[in-house]
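**Q** Let me give you the structure first, and then I'll get to my questions.
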Amino acid sequence: MNTLEFTLLVGMGSLLAGFLGSLTGLGGGVVIVPMLTLLFHVDIRYAIGAALVSVIATSSGAAAAYVKEGYSNVRVGMFLEIATTVGALVGAAVALHLHVSVIAIIFGLALIYSAFSSLREKSEHKIDVAPDRIATWLRMDSSYPTPEGMAPYHVRGVPLGFALMFGAGVLSGLLGIGSGAVKVLAMDQAMKLPFKVSTTTSNFMIGVTAAASAGIYLSRGYIDPGIAMPVMLGVLGGSLVGARILAGATVRTLRLVFGVVIGFLAVEMIYNGFAGKM
Amino acid sequence: MTTPDLRQDQRMDEIMAVLLRSGVSLAAGLVLIGGIVYLSRHDLPAINYRVFQGEPQELRTVSGILREAATVHGRGLIQLGLLVLIATPVARVLFSVVAFLYERDWTYVAITVIVLALLCYSLFGGGGL
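Chains as they are written, first to last, in our numbering: chain A, 1 to 278; chain B, 1 to 129.
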């Protein structure tokens, strides 16, 4: 394979990943690392560097739209970013010392989790949650647009959410993913934020978390322009097209198919990790 | 403590959206131009990414990338675009610091300054980790 063929094939794969990722809400970043390592036999460290870059691109692009619509809770996001950026720095530092097989196995497990969590049923309406002392002090309570107008909500479980966010940051720095699934878990389950607020605030945070890890990967020489170029342009282009297509009934089926693909990739990553083939 | 002015918040959100979109567009443009230069000048048969070597020093640091991009090298230009992309969320946090200062929300000024410091540490001093 020469440079041009490599660039075009990786670009097309990334375009598809970005398109499906944005349509299903799973994000294109999660399949980039398995695609590059399993299909193109790229070293996992280069793959993680390229995936991080694509995560920043799609998250910043999407966040621009969500922030404007008034869904994301900027205060909650900013406060939790302390936890995710510290976590991302720790994760990126740990990744430099871990064997690539170990990273591959952890990656596979994280993939399985994100595939499962995307299939979980989402309940938008919460039973009235009482105000919380820390959340009130941090002025996190807010309101978000619903079909019936602006609905106010209270935030709870700040310490638990903060701890989970640290974990999300570590995973992001270690694996080069946005770890949106863990972020949503922290806000939706632990902090009782409305689901739409959780997903959009998570998206808003992903760019900052990924930027914290990307700085370290860049200065360590893990971001290769020849790989990152087709990945970034492909994922960004694919996600822009995906966002323009109206979500319909087919999305459910598509999400299921994409979930199965991710599950398959996860098993392959774990197998390769144990077999020492990474 | 005063409640934040909703109209003010909305205006800040709109500026933030423009900031994010321009950062990503500028980065994508630089990467695209760099990619075209890179592919048109590249006549090596194949690159082996299977073996990890790490990038040369001039593609790792902010100053090195700026020097490389100034000579219109494809790889340097791509790396400059990626640097702009990484800087976009940093700029967003910086903007939030200013926005919270404007609202005189000292708690959140402190929170955003901490996040900003962590990001700057990663970008400028992360190689030492």
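Even glycine gets a Cβ: it sits at the ideal position worked out from N, Cα and C.
Since this is a predicted model, take the numbers as computed values, not measurements.
Considering Ser149(A), what are the terminal residues of the beta strand (DSSP E) in which it resides?
**A** As written in the sequence, residue 149(A) is Gly, which differs from the Ser given in the question. Counting along the chain, the beta strand (DSSP E) containing Gly149(A) begins and ends at Gly149 to Tyr153.
**Q** Listing by chain order, which chain A residues have their CB less than 9 Å from the CB of Arg104(B)?
**A** In chain order: nothing, as chain A lies at least about 13 Å away.
**Q** Looking at the C-beta of Arg244(A), does it have a partner C-beta in chain B at a distance below 7 Å?
**A** With 7 Å as the cut-off, Arg244(A) does not count as an interface residue toward chain B.
**Q** Specify, as a first and last residue, the run of the alpha helix (DSSP H) that Pro230(A) falls within.
**A** Segment Pro225 to Arg244, the alpha helix (DSSP H) holding Pro230(A).
**Q** Please compile the residues from chain B whose C-beta is within a distance smaller than 9 Å of the C-beta of Pro225(A).
**A** Correct list: Val31, Gly34, Gly35, Tyr38, Glu55, Leu59, Gly74, Arg75, Gly76, Leu77, Ile78, Gln79, Gly81 and Leu82.
**Q** What does a CB cutoff of less than 7 Å around Gly161(A) pick up in its chain, not counting 5 residues either side in sequence?
**A** Only Leu80, Ala186, Met187, Ala190 and Met191 meet the Cβ criterion.
**Q** Out of Phe258(A), Pro159(A), Tyr222(A) and Asn2(A), state which residue places its alpha-carbon closest to the alpha-carbon of Ala95(A).
**A** Nearest of Phe258(A), Pro159(A), Tyr222(A) and Asn2(A) to Ala95(A), Cα basis: Tyr222(A).
**Q** What is the DSSP secondary structure of Ser72(A), counted as helix, strand or coil?
**A** Reduced to three states, the DSSP call for Ser72(A) is coil.
**Q** What in chain A is Cβ-close to Leu118(B), meaning under 7 Å?
**A** In chain order: Thr85, Val86, Leu89 and Ala212.
**Q** Give a yes or no on whether 7 Å exceeds the smallest Cβ distance from Arg67(B) to chain A.
**A** Not closer than 7 Å to any Cβ of chain A, the Cβ of Arg67(B) fails to qualify, so no.
**Q** Taking 7 Å as the CB-CB cut-off, is Val98(B) touching chain A?
**A** So no, Val98(B) is outside the interface.
**Q** Beta-carbon of Arg133(A) versus every beta-carbon of chain B: anything under 7 Å?
**A** With 7 Å as the cut-off, Arg133(A) does not count as an interface residue toward chain B.
**Q** Are the stretch 92-111 of chain B and the stretch 27-41 of chain B in contact at 8 Å, needing three or more beta carbon pairs?
**A** The stretch 92-111 of chain B is not in contact with the stretch 27-41 of chain B.
**Q** Where DSSP assigns a beta bridge to Ser143(A), which residues make up the other side?
**A** Its beta-bridge partners are Pro152(A).
**Q** In whole angstroms, give me the CA-to-CA distance for Gly74(B) and Ala17(A).
**A** Cα-Cα distance, rounded: 25 Å.
**Q** Quick one: residues in its chain with C-beta nearer than 6 Å to the C-beta of Ser142(A), no 5 flanking neighbours on either side, listed in chain order?
**A** Only Asn73 meet the Cβ criterion.
**Q** Note down, in chain order, each residue of its chain lying with its Cβ closer than 8 Å to the Cβ of Leu118(B), except the 5 sequence neighbours on either side.
**A** Closer than 8 Å at Cβ, skipping near neighbours: no residue.
**Q** Counting only beta-carbon atoms, is Leu15(A) nearer than 7 Å to chain B?
**A** No, Leu15(A) lies away from the interface with chain B (no Cβ there is under 7 Å from its Cβ).
**Q** Name, please, each residue of chain A whose Cβ falls closer than 8 Å to the Cβ of Arg50(B).
**A** Those are His41, Val42 and Asp43, listed as they occur along chain A.
**Q** May I have the straight-line CA-CA distance separating Ala47(A) from Phe52(B), to the nearest angstrom?
**A** Between Ala47(A) and Phe52(B), the C-alpha separation is close to 11 Å.
**Q** Alpha carbon to alpha carbon, how far is Thr2(B) from Gly61(A)?
**A** Only weak support is given to the placement of Thr2(B): the predicted model assigns it a pLDDT of 41, under 50, and the value that follows is read from those uncertain coordinates. Taking the straight line joining both Cα atoms gives about 32 Å.
**Q** Just the chain A side, please: which residues come within less than 9 Å of Thr88(B) by C-beta, in chain order?
**A** By Cβ distance, chain A contributes Ile56, Ala57, Ser60, Gly207 and Ala211.
**Q** Considering Ser219(A), what are the terminal residues of the alpha helix (DSSP H) in which it resides?
**A** From DSSP, the alpha helix (DSSP H) with Ser219(A) extends over Phe195 to Ser219.
**Q** Starting from the Cα of Asn203(A), find the closest Cα among Ala83(A), Arg220(A), Ala181(A) and His97(A) and give me that residue.
**A** It is Ala181(A).
**Q** Roughly how many angstroms separate the alpha carbons of Ala70(B) and Gln57(B), rounded to a whole number?
**A** Cα-Cα distance, rounded: 16 Å.
**Q** Shorter than 7 Å from the beta carbon of Gly180(A) to some beta carbon of chain B?
**A** Closer than 7 Å: no.
**Q** What does the Cβ neighbour count give for Leu26(A), buried or exposed, with the cut at 16 atoms within 10 Å?
**A** The residue is buried, with at least 16 neighbouring Cβ atoms inside 10 Å.
**Q** Would you check if the stretch 38-45 of chain A and the stretch 150-164 of chain A touch, i.e. whether three or more CB-CB distances between them fall below 8 Å?
**A** Verdict: no, contact absent.
**Q** How many Å lie between Gly259(A) and Val30(A) at the Cα?
**A** Approximately 11 Å between the Cα atoms of the pair.
**Q** Under 7 Å Cβ to Cβ from Ile56(A), same chain only, skipping five residues before and after it: list those, please.
**A** Excluding sequence neighbours, Ile56(A) sits near Gly207, Ala210, Ala211 and Ala214.
**Q** Once you ignore the five residues that flank Tyr108(B) on each side, which residues in its own chain have a CB closer than 7 Å to its CB?
**A** If we look at Tyr108(B) and ignore the five residues flanking it on each side, its Cβ neighbours are Phe100.
**Q** Report the neighbours of Ile32(A) on chain B: residues whose CB is nearer than 7 Å to its CB, in chain order.
**A** None at all; the shortest Cβ gap to chain B is about 14 Å.
**Q** Just the chain A side, please: which residues come within less than 7 Å of Leu20(B) by C-beta, in chain order?
**A** The answer, in chain order, is Ser60, Ala63 and Ala64.
**Q** Got a sec? Which residues, its chain only, sit under 6 Å from Val98(B) by beta carbon, not counting five neighbours each side?
**A** For Val98(B), where only same-chain residues beyond five positions count, there are no Cβ hits under 6 Å.
**Q** So Leu254(A) packs on Thr24(A), CB below 8 Å; how close in whole Å?
**A** At roughly 6 Å, the Cβ-Cβ gap stays under 8 Å, so Leu254(A) and Thr24(A) are in contact.
**Q** Taking the alpha helix (DSSP H) that Ala99(B) falls in, what are its first and last residues?
**A** Note, Ala99(B): alpha helix (DSSP H), Gly74 to Tyr102.
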